[in-house]
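Mapping of the sequence shown onto full-length UniProt numbering: residues 1 to 129, in sequence order.
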Amino acid sequence: MKLYAKTISATLPDWATVVTKSADLIEIEINDKHPNFQSLLEELATEIEPGTIGVKAEDLCSRLGIEMSNPSLQQLVEQAQTLISEIATYPDYKRLLEAGYQPDLNIADAQTALTYLQWELDRNQQRSV
Numbered sequence: 001m002k003l004y005a006k007t008i009s010a011t012l013p014d015w016a017t018v019v020t021k022s023a024d025l026i027e028i029e030i031n032d033k034h035p036n037f038q039s040l041l042e043e044l045a046t047e048i049e050p051g052t053i054g055v056k057a058e059d060l061c062s063r064l065g066i067e068m069s070n071p072s073l074q075q076l077v078e079q080a081q082t083l084i085s086e087i088a089t090y091p092d093y094k095r096l097l098e099a100g101y102q103p104d105l106n107i108a109d110a111q112t113a114l115t116y117l118q119w120e121l122d123r124n125q126q127r128s129v
């Protein structure tokens with residue numbers, strides 16, 4: 001799992017590693033299988049909406065001392081939504097599904113994940129205005 005941030009704390013946990021760092025964006029790789037990360041997820045788990053338990057990006061970033069890079073993420077979400085739409089309507093993809101192909105992440109799950117991310121980005125944007 002990767003996070004993209006504008007700023008990070010001086011020290012990151014052993015399950016987080018800086019992959020690339022530029023003037024305006026820091027890419028962080030998260031070892032989401034690490035037991036300490038799993039414990040943190042359990043600790044931060046909350047009901048995002050009725051019947052849906054998850055971890056809010058804001059809570060995770062706050063705990064890590066990370067300031068998210070909203071403009072870059074906003075653009076990434078838009079690009080991902082466009083890509084998912086194109087994949088969903090691509091004839092060869094439909095044929096693969098009909099032939100029994102089962103992707104690791106299906107279209108509906110990917111769209112749901114992007115929707116949750118979009119809600120978080122919108123909420124953070126409203127708070128900063």
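Quick reminder that beta carbons are idealized off the backbone N, C-alpha and C, glycines included.
Straight-line gap, residue i to residue j (C-alpha atoms, nearest Å)
| i | j | result |
| --- | --- | --- |
| TYR101 | ILE87 | 14 Å |
| ILE107 | LEU97 | 11 Å |
| ASP59 | GLY65 | 10 Å |
| VAL77 | GLN118 | 7 Å |
| ALA10 | GLN75 | 27 Å |
| LEU83 | LEU114 | 12 Å |
| residue 177 | ARG95 | Here the chain has residues from 1 to 129 only, and residue 177 is not among them. |
| residue 134 | LEU40 | Missing from the structure shown is residue 134; the chain here goes from 1 to 129 and no further. |
As assigned by DSSP and simplified to three states, the class of residue i
| i | result |
| --- | --- |
| VAL55 | coil |
| THR11 | coil |
| LEU105 | coil |
| TYR90 | coil |
| LEU3 | strand |
| residue 133 | Absent from the model: residue 133. The displayed extent of the chain is 1 to 129, so no value can be given. |
Among the options, the one whose alpha carbon lies nearest that of residue i
| i | options | result |
| --- | --- | --- |
| THR112 | VAL18, ILE8, THR7, THR52 | THR52 |
| ASN36 | TYR116, ALA23, TYR4, TRP15 | TRP15 |
| SER22 | PRO13, ILE8, SER39 | ILE8 |
| GLY54 | ASP92, GLN125, GLU120 | GLU120 |
| GLU67 | MET1, LYS6, ASP92 | LYS6 |
| ALA80 | LEU40, THR17, ALA57, ASP109 | ASP109 |
For residue i: DSSP bridge partner residues
| i | result |
| --- | --- |
| ILE30 | ALA16 |
Counting Cβ pairs closer than 8 Å, one from the stretch 87–97 and one from the stretch 25–39, do we hit at least three? no
With three or more C-beta pairs closer than 8 Å as the rule, is the stretch 46–61 touching the stretch 11–28? no
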